[in-house]
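Engineer:
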Amino acid sequence: MKSWLPYTAVVTAFGALLAAPLSAQGYSPKECPSCAGWNAPHAPTKLFGNSYYVGTDGLSAILITSPAGHVLIDGGLPESASLILQNIVALGFRVQDVKLILNSHDHYDHAGGIAELARASGAVVAASASSAKTMRAGISGANDPQYALLLAYPAVPRVREIADGDTVRVGALSLVAHFTPGHTAGGTTWSWRSCEGARCLDMVYADSQTPISDSAFRYASDPRYPTAAADFARGHALIEQLRCDVLITPHPSATKLWERLAATGDSPGLVDANACARYAATSRAALAKRLATEASSRF
C-alpha cells in the first residue's frame, strides 16, 4: 500500500482548495439539525485488505482499491465531498484513480456529495434505476417514505443504471449489487471480497433498513409506495443470508462501527460472521413495531 500522508497536512491543503465552493451547497442547522454532527471529520481508517473507510464521523464512504483503479461507495452530504477527497489523498491514493462511484440509497446524506466526487475524479456513477432517477434530479420523488422531510442536493447528470444481482468491475475488483428497497424504492446493498495475503473476508455494505417516514406515510399499504413493507421483508431475508464477515452501513452508528473497531476482549470486533443476521433481525423487529403502531392508530 502507498504510504499515508500526514492527515492534518492533507486537510489543510484540500480545505483551502475545496471547502469554499462546497460549503455554499451545505444546509443550515434549521434545515438539517443533524448535519453538523454527521459531517464531523474522521481520519481515514483501514477496514481490511484493500477496503478503507473514507467518510465522515457520521456518514460512511468506502474506498476499495486496486492497481487498475478504485471504487467508492456513497458520497455523504454535499459538504462531505471535500472531506472524502482529503481522506482518499491522506491514504496515499489519487482521486483521479477512482473509476466508479456507487450508492446505497438516494437521500441527500448519502448521495449529496456524489456530483462533486464524480467531477473531481472523472468516475462513472452507477445506481439502481430508481436511485439513478432521483440522483439525476437531485431530489427524491413522492414515492419516498421520507418525501416531505428530504432536502435537495446537487444533481448527478449521468448515472449508469444497474440491475439487481449485477456485478460491477474495476480491474480485478468485483462488487455485487443486491437490491434491498424499503427505506427507499431503490436501496442497494453491496458485497465484495477483500484479502490480506492468503486471508480473504466477505465484506457487506448493507443499505439502511430503518422504517422512517414523514408524518403522512404508512408502511402497511401506502399508495405512494404500496410494496414498502414487502420490500423490507425481502431485504431482511437477503441480508441475513449473505456471506458476511465484515458489515458496514451508511450510518456507522447503526452498527456501532467505531465501537467495533475499538473492541477488545470478548466483544465482537469488526470481523463478526453474525453481524448481517443480527442487523436483519433488528431491522425486522423495527418494522414489526412500526406496523403494529400503525395498526393501533397511534402513529
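In our numbering, the protein residues as written are 112 to 410. A virtual CB, placed ideally from N, CA and C, is assigned to each residue, including glycine. Small disclaimer: the values here were computed from a predicted structure and weren't measured.
1) Please name the residue, chosen from P363, V267 and Y164, that lies closest to Q197 on a Cα-to-Cα basis.
2) Going by DSSP, which residues form a beta bridge with C311?
3) Could you check what DSSP says for V206 in three-state terms: helix, strand or coil?
4) Among P140, A147 and N161, which residue has its Cα nearest to the Cα of G308?
5) Taking the C-alpha atoms as reference points, what is the distance between A331 and G293?
6) What number of angstroms, rounded off, separates the C-alpha of T408 from the C-alpha of P334?
7) Within the continuous beta strand (DSSP E) that includes E272, where are the two ends?
8) If contact is defined by three or more beta carbon pairs under 8 Å, each pair taking one atom from either stretch, is the region 335-349 in contact with the region 283-303?
9) How would you call I359, buried or exposed, if buried means at least 16 neighbouring beta carbons within 10 angstroms?
10) Given that a residue counts as buried once 16 or more other Cβ atoms are within 10 Å of its Cβ, and exposed if not, what is V209?
11) Closest by CA to I401, which one among A391, L381, T366 and P322?
12) Since T278 sits in a beta bridge, which residues does DSSP pair it with?
13) Looking at V281 and the ligand GTP, is the gap between the Cβ and the nearest heavy atom below 7 Å?
14) G169 and A192 - do their beta-carbons sit closer together than 8 Å?
15) Determine the closest residue to P268 out of G233, L262, G276 and L284, with distance taken between C-alpha atoms.
16) Given this structure, state the Cα-to-Cα distance separating I212 from L353, to the nearest angstrom.
17) Go ahead and pull the three-state DSSP assignment for V200.
18) Give the range of the alpha helix (DSSP H) segment to which S241 is assigned.
19) Three or more C-beta pairs under 8 Å: does that hold for the region 212-221 against the region 234-241?
20) So what's I184 in DSSP terms, helix, strand or just coil?
21) When DSSP builds the beta bridges, which residues end up paired with F382?
22) Under the assumption that D318 contacts T300 (Cβ atoms under 8 Å), give the Cβ distance between them as a whole number of angstroms.
Structural biologist: To lay it out plainly:
1) Here residue 197 is taken as the residue at index 86 of the sequence shown, counted from 1. Minimum Cα distance to Q197 is reached at Y164.
2) For the purposes of this step, residue 311 is identified with residue 200 of the sequence shown, where counting begins at 1. C306.
3) Translated into the one-based positions of the sequence shown, residue 206 becomes position 95. Of the three classes helix, strand and coil, the one that applies to V206 here is helix, per DSSP.
4) Locating residue 308 in the sequence shown gives position 197, where the first residue counts as 1. When each option's Cα is compared against that of G308, the closest is N161.
5) The residue labelled residue 331 in the question sits at position 220 within the sequence shown. The residue labelled residue 293 in the question sits at position 182 within the sequence shown. Their Cα atoms are separated by approximately 12 Å.
6) Translated into the one-based positions of the sequence shown, residue 408 becomes position 297. Translated into the one-based positions of the sequence shown, residue 334 becomes position 223. What sits at residue 408 in the sequence shown is Ser, not Thr. S408 and P334: Cα-Cα distance of roughly 18 Å.
7) Translated into positions along the sequence shown, residue 272 becomes position 161. Here the beta strand (DSSP E) through E272 covers R271 to I273.
8) yes
9) Mapped onto the sequence shown, residue 359 falls at position 248. I359 is buried by the Cβ-count criterion.
10) As a working note, residue 209 is residue 98 in the sequence shown. Looking at its Cβ environment, which holds 16 or more other Cβ atoms inside 10 Å, V209 is buried.
11) Residue 401 sits at position 290 when you count from the first residue of the sequence shown. The sequence as given places Arg at residue 401; Ile does not occur at that position. Among A391, L381, T366 and P322, the Cα nearest to that of R401 is on P322.
12) Reading the sequence shown from its first residue, position 167 is the one you call residue 278. According to DSSP, which records beta bridges pairwise, T278 is partnered with V287.
13) The model depicted lacks the ligand GTP and carries no ligand whatsoever.
14) One-based indexing of the sequence shown puts residue 192 at position 81. One-based indexing of the sequence shown puts residue 169 at position 58. Going by C-beta atoms, A192 is not nearer than 8 Å to G169.
15) The residue labelled residue 268 in the question sits at position 157 within the sequence shown. Ranking the options by Cα distance to P268, first place goes to G233.
16) Within the sequence shown, numbered from 1, the residue matching residue 212 stands at position 101. Within the sequence shown, numbered from 1, the residue matching residue 353 stands at position 242. Cα-Cα distance, rounded: 22 Å.
17) Along the sequence shown, one-based indexing puts residue 200 at 89. Helix.
18) One-based indexing of the sequence shown puts residue 241 at position 130. Segment A240 to A248, the alpha helix (DSSP H) holding S241.
19) yes
20) Residue numbering aside, residue 184 sits at position 73 when the sequence shown is read from its first letter. Strand, per DSSP.
21) The count along the sequence shown starts at 1 and reaches residue 382 at position 271. In the sequence as presented, Phe is not what sits at residue 382; that position holds Val. Looking at the DSSP assignment, V382 forms a beta bridge with V357.
22) Locating residue 318 in the sequence shown gives position 207, where the first residue counts as 1. Locating residue 300 in the sequence shown gives position 189, where the first residue counts as 1. The Cβ separation is near 5 Å, so the contact holds.
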